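What follows is a set of notes on a single structure, which appears directly below.
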Amino acid sequence: MTAMLNVKDLRAYYGQVQALHGLNFALNEGSLTTLLGANGAGKTTTLRAICNMVRSTGAIEFEGAPLSGRSTENIVRLGIAHVPQGRGTFTTMTVEENLQLGAISRKDKAGVVADIERMYNHFPVLKQRYAQQAGTLSGGEQQMLAVARALMLRPRLMLLDEPSFGLAPLIVRDLFKILGKINREEKVTILVVEQNAQLALELADQAYVIETGRIVMSGKANEIANNEDVRKSYLGY
Amino acid sequence: MELFTNQILAGIATGAIYACMALAVVMIYQAIDHLNFAQGEMAMFSTFVSWQLMQWGAPYWGAFVITLVFSFFGGIAIERLLFKPLAKAPILTNVAGFIALFAIINSVAGLIWDFTIKQYPTPFGSSPFLGSQLISTHQAGMIGVTVLLLVGLYFFFQFTRIGLAMRAAASVPESARLVGINTSWMIALGWGMAAAIGSIAGMLIAPVVFLEPNMMGGVLIYGFAAAVLGGLTSPLGAVIGGFLVGIFENLAGTYIPGVGNELKLPIALALIITVLVVKPAGLFGRPIVKRV
Amino acid sequence: MSAAIEDVVTESPGVIEAVPKRAMTLGTGTSLVMLGLLLLTPLFVKNFIIFQMTMLLIYGVAVLALNILTGGSGQFSLGQSAFYAVGAYTSAILMEHAGMNYALTLPIAGIICFAFGFLFGQPALRLSGVYLALATFALATAMPQLLKLGYFEQWTGGVQGLVVTKPDPPEAVQSMLSWLHLKMSQDMWLYYFTLVITIAIYIFSVNLLRSRSGRAFMAIRDNEIAASAMGVDVALYKTLAFGVSAGITGVAGGLGAITVQFVAPDSYTITLAISLFLGMVVGGVGWLPGSIVGSAFIIFVPNIAEGISKGLSGAVFGVLLFLVIFLVPHGARQVAIVGQQLIGRFRKN
Numbered sequence: 001m002t003a004m005l006n007v008k009d010l011r012a013y014y015g016q017v018q019a020l021h022g023l024n025f026a027l028n029e030g031s032l033t034t035l036l037g038a039n040g041a042g043k044t045t046t047l048r049a050i051c052n053m054v055r056s057t058g059a060i061e062f063e064g065a066p067l068s069g070r071s072t073e074n075i076v077r078l079g080i081a082h083v084p085q086g087r088g089t090f091t092t093m094t095v096e097e098n099l100q101l102g103a104i105s106r107k108d109k110a111g112v113v114a115d116i117e118r119m120y121n122h123f124p125v126l127k128q129r130y131a132q133q134a135g136t137l138s139g140g141e142q143q144m145l146a147v148a149r150a151l152m153l154r155p156r157l158m159l160l161d162e163p164s165f166g167l168a169p170l171i172v173r174d175l176f177k178i179l180g181k182i183n184r185e186e187k188v189t190i191l192v193v194e195q196n197a198q199l200a201l202e203l204a205d206q207a208y209v210i211e212t213g214r215i216v217m218s219g220k221a222n223e224i225a226n227n228e229d230v231r232k233s234y235l236g237y
Numbered sequence: 001m002e003l004f005t006n007q008i009l010a011g012i013a014t015g016a017i018y019a020c021m022a023l024a025v026v027m028i029y030q031a032i033d034h035l036n037f038a039q040g041e042m043a044m045f046s047t048f049v050s051w052q053l054m055q056w057g058a059p060y061w062g063a064f065v066i067t068l069v070f071s072f073f074g075g076i077a078i079e080r081l082l083f084k085p086l087a088k089a090p091i092l093t094n095v096a097g098f099i100a101l102f103a104i105i106n107s108v109a110g111l112i113w114d115f116t117i118k119q120y121p122t123p124f125g126s127s128p129f130l131g132s133q134l135i136s137t138h139q140a141g142m143i144g145v146t147v148l149l150l151v152g153l154y155f156f157f158q159f160t161r162i163g164l165a166m167r168a169a170a171s172v173p174e175s176a177r178l179v180g181i182n183t184s185w186m187i188a189l190g191w192g193m194a195a196a197i198g199s200i201a202g203m204l205i206a207p208v209v210f211l212e213p214n215m216m217g218g219v220l221i222y223g224f225a226a227a228v229l230g231g232l233t234s235p236l237g238a239v240i241g242g243f244l245v246g247i248f249e250n251l252a253g254t255y256i257p258g259v260g261n262e263l264k265l266p267i268a269l270a271l272i273i274t275v276l277v278v279k280p281a282g283l284f285g286r287p288i289v290k291r292v
Numbered sequence: 001m002s003a004a005i006e007d008v009v010t011e012s013p014g015v016i017e018a019v020p021k022r023a024m025t026l027g028t029g030t031s032l033v034m035l036g037l038l039l040l041t042p043l044f045v046k047n048f049i050i051f052q053m054t055m056l057l058i059y060g061v062a063v064l065a066l067n068i069l070t071g072g073s074g075q076f077s078l079g080q081s082a083f084y085a086v087g088a089y090t091s092a093i094l095m096e097h098a099g100m101n102y103a104l105t106l107p108i109a110g111i112i113c114f115a116f117g118f119l120f121g122q123p124a125l126r127l128s129g130v131y132l133a134l135a136t137f138a139l140a141t142a143m144p145q146l147l148k149l150g151y152f153e154q155w156t157g158g159v160q161g162l163v164v165t166k167p168d169p170p171e172a173v174q175s176m177l178s179w180l181h182l183k184m185s186q187d188m189w190l191y192y193f194t195l196v197i198t199i200a201i202y203i204f205s206v207n208l209l210r211s212r213s214g215r216a217f218m219a220i221r222d223n224e225i226a227a228s229a230m231g232v233d234v235a236l237y238k239t240l241a242f243g244v245s246a247g248i249t250g251v252a253g254g255l256g257a258i259t260v261q262f263v264a265p266d267s268y269t270i271t272l273a274i275s276l277f278l279g280m281v282v283g284g285v286g287w288l289p290g291s292i293v294g295s296a297f298i299i300f301v302p303n304i305a306e307g308i309s310k311g312l313s314g315a316v317f318g319v320l321l322f323l324v325i326f327l328v329p330h331g332a333r334q335v336a337i338v339g340q341q342l343i344g345r346f347r348k349n
């Protein structure tokens, strides 16, 4: 099986500071992969580099096509949805407008209308609040909205940046259940960056552990979860 | 009492000018999150272009449409050429850029068309409107056009994809890029639309204030004031703000002793600031919750 | 950028980039070279150039004052011309109507403007971003009209303005120089007088920004909500920044009146406020030594533009301004930083 996303020797920089030191990893089509690591390890930077939101070198290939030189919006239009850290809600717009924006690069009007209904089925709370200003939603609701907005793109690959951040444990479980369902039923490949390693490893089938801009461990999620040494030294539980 | 009603009517008539300009101000503010100090000069330049076309024999509406198109692409060109390179520069540097643009356009217009005052035609005629000496048919036409523009903009922003995309690009650029919107072109489009609306304002104002390179100086300030008063995020607010400023100004000139023409502006501004101190988002602006 | 959480955001935060505190000043060596140049140049040039150098210092002080407000506390003002005017008129009226010594009028101009700025800062507290710009702009447009009011005419001279007597060098200085068979011109004396005040204000400002208050200003600039959460009295420091800025501008205004020997309402229009703003941008927002560079830009570039093309001087000025902000969007500060890095690299090799 060929990889859907192939990352080779990825280096990223913030001004003079180098944040990634040559990452290599691949995502298989239909997989649910998690990228784990402590604060400042470079998880967010990795996702931002894939979408060309930070200066980087190296080769990133998506379905065989190189992403380098493409602008963020063009990369997104290839079918890569990115749920950023902090959710990136359009706070002054309504919930429904946020969903419409997720599909703004799509041309099929009827499909978009149907997908909005589908999202309301996934996340009933959004339906209740469809006309409300998105900035007035709670953190958990905004996270749901962010995921729904990303799905409106009908993505082939979805990148999630710490979806559990700031959410109550019960809500995190719900959200992860939905992510699993989306991965299985809609065949969306998912890469989720997490600090909550325990939960992420339960959900994922593949895992990478990153430390100070380098990948230090990779393998099947359940193997990493069961390896006590790895857990103690990198994941801290 | 009759004096009072008449002053209000006269205020609405001048207010129409400000409302029109305020609409252009709100348009650019939506796109770039800043007030463009050169906007009045851009409108003035467009108006001169339409005047020149008419001098060459074009009919009014022909010149009007050509000018609109010219302004739209002119606005886009200015953004691509001058302000896109400054996108990463500090905001205050951009403001300096607006001032530079102001100086350039004003000076170039003065060189091409010189500083003598020129008559500018109106398509609506200038007879009294419905028998009132205070509002002419031109001023009534101006109010009509402003309202039409307002309705058009409302539909554009609420019900079209590109309108939605422009709003998104203005409010959270990074998220807009992440849903596939080309934010850079949205900004250029905003410049184009603002320039076109500004040119309409200029062509409607010119018959009243006469055509010359400095015609927009005062008008733009009132336009800013009106837009800020109404709330910079609301086109409707900007238009209402325009009429209110016109009315304020006239009433202050009539009823406050010692207020000549010179003090009208400061008093109008002072009143607006008083309103802002009480309602910092403007009368119709949407207050935004601030988080750390 | 407002005090309460439910207040309104008008601009994205970070209007002004955070500047490290050290970057706000110059190194000792550079300072000494600058000082030497400022001290010696007048000895070798004509009176008119000395006059221009005096104006350079005066506008430099006014730009510095705006820099403290904007670069220091993150507030924006298009109304500096109003404070400048009040300072100028205070000095002029005290000298001409009360017969006061010119040097003594300056602190009074400073104090009056400080109070004026502090009071103006109160309503300004509720405003930020474009709203504050509009409010200060209103102040700037109102000021010339207020000065023209018939009610104050016996003091201000109305539209005509007031002529101010140019001060002579003090006897002591003259007699000392006569020993060396030298004589000091009025212009030169005024230059050195201005230089001393400029240096004093510069040192005061640098120390202010390094002090507790300066840190409070910058905390407000960078994140107002966080600053107030750390216990900074946001309202007090914001109004204080307005007061200090206005006070310094007032002193500059007073010096300006003495140097130009004339005050009139139309010398202090919005154009002056815009010039000072441009001076700050060209010098580099938040970098105090840049103020003098900015001042040079607003004094000399219009003349250069006029020299290049009389009919198109406005356009030439605009193009030059665009060139500067294209090449160095962060102003003279950027040039200084690059220069410093080059020197550093040179030393290493």
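Residue numbers (the working numbering), protein chains in the order written: chain A, 1 to 237; chain B, 1 to 292; chain C, 1 to 349.
Here a beta-carbon is modelled for each residue, glycine too, at the ideal position from N, C-alpha and C.
As the structure is a computational prediction, the values presented were derived from the model and not from experiment.
*Could you tell me whether the Cβ of B:S171 comes closer than 8 Å to any Cβ of chain A?*
Yes - at least one Cβ of chain A is within 8 Å of the one on B:S171.
*What residue does the alpha helix (DSSP H) around A:E73 start on, and which one ends it?*
Counting along the chain, the alpha helix (DSSP H) containing A:E73 begins and ends at 72-77.
*Buried or exposed: which applies to A:V17, given that a residue is buried once 16 or more other Cβ atoms fall within 10 Å of its Cβ?*
Taking all protein chains in view, the Cβ of A:V17 is surrounded by fewer than 16 other Cβ atoms within 10 Å, so the residue is classified as exposed.
*For the beta strand (DSSP E) containing A:I245, list its first residue and its last residue.*
The structure shown does not extend to residue 245 of chain A, since chain A is modelled only from 1 to 237, so the question has no answer here.
_Shorter than 7 Å, the distance from the beta carbon of A:T94 to the closest heavy atom of the ligand SAM, or not?_
Although the ligand SAM was asked about, the structure shown includes no ligands whatsoever.
*Which residues in the same chain as C:G110 place their Cβ atom closer than 8 Å to its Cβ, once the five residues preceding and following it in sequence are excluded?*
Closer than 8 Å at the Cβ level, and outside the excluded window around C:G110, lie G87, G247, I248, G250, V251, G254.
*asked:* Along the chain, where does the alpha helix (DSSP H) containing C:M230 start, and where does it finish?
replied: Element bounds for C:M230: n/a, residue is neither H nor E.
_With DSSP as the reference, identify every bridge partner of A:D161, one or two as the case may be._
Paired residues: A:V193.
*Does DSSP classify A:H21 as helix, strand or coil?*
Assignment of A:H21 by DSSP, reduced to helix, strand and coil, places it in the strand class.
*Taking the CB atoms as reference points, tell me whether B:M42 and B:A195 lie closer together than 8 Å.*
Cβ atoms of B:M42 and B:A195: closer than 8 Å.
_CB contact below 8 Å: B:R80 versus chain A_ = Interface residue (Cβ-Cβ distance to chain A less than 8 Å): B:R80 is not classified as such.
_Based on DSSP bridge pairs, tell me the residues matched to A:N6._
Beta-bridge partners assigned by DSSP to A:N6: A:A26, A:E61.
*Can you give me the Cβ contacts of C:K21 inside the same chain, cut-off strictly under 6 Å, excluding the 5 residues immediately before and after it?*
Confidence is the limiting factor: at C:K21 the pLDDT is only 42, short of 50, which leaves the residue's position unreliable, though a coordinate-based value still follows. If we look at C:K21 and ignore the five residues flanking it on each side, it has no Cβ neighbours.
_Between which two residues does the alpha helix (DSSP H) holding C:T136 run?_
Its alpha helix (DSSP H) spans residues 129-148.
*Is the Cβ-Cβ distance between B:A38 and B:I105 less than 8 Å?*
Yes; because the gap between Cβ atoms is below 8 Å, this pair is in contact.
*asked:* Please return the same chain residues whose Cβ sits closer than 8 Å to the Cβ of A:V54, not counting the five positions on each side in sequence.
replied: Cβ neighbours of A:V54 beyond the five flanking positions: A12, Y13, Y14, A19, T45, R48.
_Assigned exposure category for A:P66 - 16 Cβ within 10 Å defines buried_ = By the neighbour-count rule (16 or more Cβ atoms within 10 Å), A:P66 is not buried but exposed.
*Residue of C:F242, C:F83, C:T30, C:G36 minimising C-alpha distance to C:G256*: In terms of CA proximity to C:G256, C:F83 leads the group C:F242, C:F83, C:T30, C:G36.
_Terminal residues of the alpha helix (DSSP H) in which A:K109 lies_ = That run of the alpha helix (DSSP H) goes 109-122.
_Proximity of A:D9 and A:N28 at Cβ, strictly below 8 Å_ = Their beta carbons are not under 8 Å apart, which means A:D9 does not touch A:N28 by this criterion.
*Since B:A165 meets chain A, which of its residues come closer than 9 Å, beta carbon to beta carbon?*
For the C-beta of B:A165, the chain A residues within less than 9 Å are, from N- to C-terminus, L101, I104.
*For B:I181, go through chain A and note every residue whose CB falls closer than 7 Å to its CB, in chain order.*
The contacting residues are E73, I104.
_Same chain, Cβ closer than 6 Å to A:K187, neighbours up to 5 away in sequence not counted_ = Contacts found: G30.
_Whole-angstrom distance between B:I17 and B:I247, CA atom to CA atom_ = When rounded, the separation of the alpha-carbon atoms in B:I247 and B:I17 is 12 Å.
*Using the beta-carbon of each residue, which ones in chain D are nearer than 8 Å to C:L312?*
Looking at the structure shown, chain D is missing, and the protein chains on hand are A, B and C.
_Sequence-distant residues of its chain with Cβ nearer than 8 Å to B:K118 (five each side left out)_ = The residues are W51, F210, L211, E212.
*In terms of alpha-carbon separation, which member of A:N227, A:V147, A:A197, A:G22 lies closest to A:V83?*
Nearest C-alpha to A:V83: A:V147.
*Interface residues of chain B around C:I274 at Cβ under 8 Å?*
Correct list: I99.
*By Cβ distance, which residues of its chain are closer than 8 Å to C:P144, with the 5 residues on each side in sequence left out?*
In chain order, A85, P265, D266, Y268, T269 place their CB closer than 8 Å to the CB of C:P144, counting only its own chain and leaving out the 5 sequence neighbours on each side.
*asked:* Is it the case that the stretch 57-76 of chain B contacts the stretch 87-102 of chain B, given that we only count it when at least three CB pairs across the two stretches are under 8 Å?
replied: Counting C-beta pairs with one atom in each stretch, the stretch 87-102 of chain B and the stretch 57-76 of chain B have fewer than three that are closer than 8 Å, which means they do not touch.
_In whole angstroms, give me the CA-to-CA distance for A:I210 and A:M217._
Approximately 7 Å between the Cα atoms of the pair.
*Determine the contact status of B:D33 and B:A176, defining contact as a CB-CB distance below 8 Å.*
Between B:D33 and B:A176, the C-beta gap is not smaller than 8 Å, which leaves the two residues out of contact.
*Tell me, please, whether the CB atom of C:R22 is closer than 8 Å to any CB atom in chain B?*
The predicted model places C:R22 with a pLDDT of 46, which falls under 50 and marks its position as unreliable, so this point remains unresolved.
*Should A:S56 be labelled buried (16 or more other beta-carbon atoms within 10 Å of its own) or exposed?*
By the neighbour-count rule (16 or more Cβ atoms within 10 Å), A:S56 is buried.
*What number of angstroms, rounded off, separates the C-alpha of A:I60 from the C-alpha of C:G129?*
The alpha-carbon atoms of A:I60 and C:G129 are separated by roughly 41 Å.
*Would you call B:M186 buried or exposed, if buried means 16 or more other Cβ atoms sit within 10 Å of its Cβ?*
That one is buried.
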